[in-house]
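Residue numbers (our numbering): 971 to 1223.
Following: one structure in structure tokens, then a few remarks.
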């Protein structure tokens, strides 16, 4: 019960990596604010977590491009559970799958607004709450595409590279406040977002993506959740500014 009596915010907590992460915190006693732009999946996640784990979950509808909504998310955590101990900034979108010169302004900006600016906006409200609470841990969900390039994913790749720089900078700035800031870099994981991008339905595309990993398979959301919860735990007490790769050997090839 590493997170008993702890309060955690998870953005994008309604599905995929976010949902498994929220559940993992709750299974170890945490109080979880499940934040998602999709009310239906978010409410379902919070209800399921409350019913099936030792923790408690509350849903908050949040668009991470809306500063007021993000502020309300953090206020809900503090008011309902008494503080904020950890935050997982996971909300993200895939964006256009076209060559760099073919990305239009709206497609570029949408990805940057959610995947990079959204992470910064969340941290801007989470950090003061953690300072008031005497410290905490933040994990930003980046990607292996925060480390390398990928054809037809220029906006996504640029945003995830930015998340790693933001993570390192905040880690330096708030270490004296007992706030640890890390990132996790998953490989390709079997999630609704990957499915929506058309990478799971087409067997040839799926096999190509799987083959880019040394383990010759996609990751599972719970495998990423395990890394995230470790980074937020006392077991990672001397870890900050790190980008932990969980990629089935993708970057080793």
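The beta carbon of each residue, even a glycine, is placed where N, CA and C say it ideally should be.
| Query | Result |
| --- | --- |
| Straight-line gap, residue 1223 to residue 1182 (C-alpha atoms, nearest Å) | 8 Å |
| Residue 998 in three-state terms, based on DSSP | coil |
| Residue 1194 and residue 1159 closer than 8 Å at C-beta | yes |
| Alpha-carbon to alpha-carbon, residue 1027 and residue 1017 | 7 Å |
| Pairwise C-alpha distance: residue 1168 and residue 1047 | 35 Å |
| Proximity of residue 980 and residue 1060 at Cβ, strictly below 8 Å | yes |
| Cα-Cα separation between residue 991 and residue 1062, rounded to whole angstroms | 15 Å |
| Helix, strand or coil at residue 1006 [DSSP, three-state] | strand |
| Cα-Cα separation, residue 984 to residue 1072 | 31 Å |
| Pick from 1179, 1106, 1144 and 1036 that is closest to residue 1092, judged by C-alpha positions | 1036 |
| Residue 986 versus residue 1030: straight-line alpha-carbon distance, rounded | 17 Å |
| Where residue 1023 sits in the DSSP three-state scheme | coil |
| Reference residue 1025, options 1057, 1123 and 977, closest by Cα | 977 |
| Cα-Cα separation between residue 1051 and residue 975, rounded to whole angstroms | 9 Å |
| CB of residue 1044 within 8 Å of CB of residue 1095, strictly | yes |
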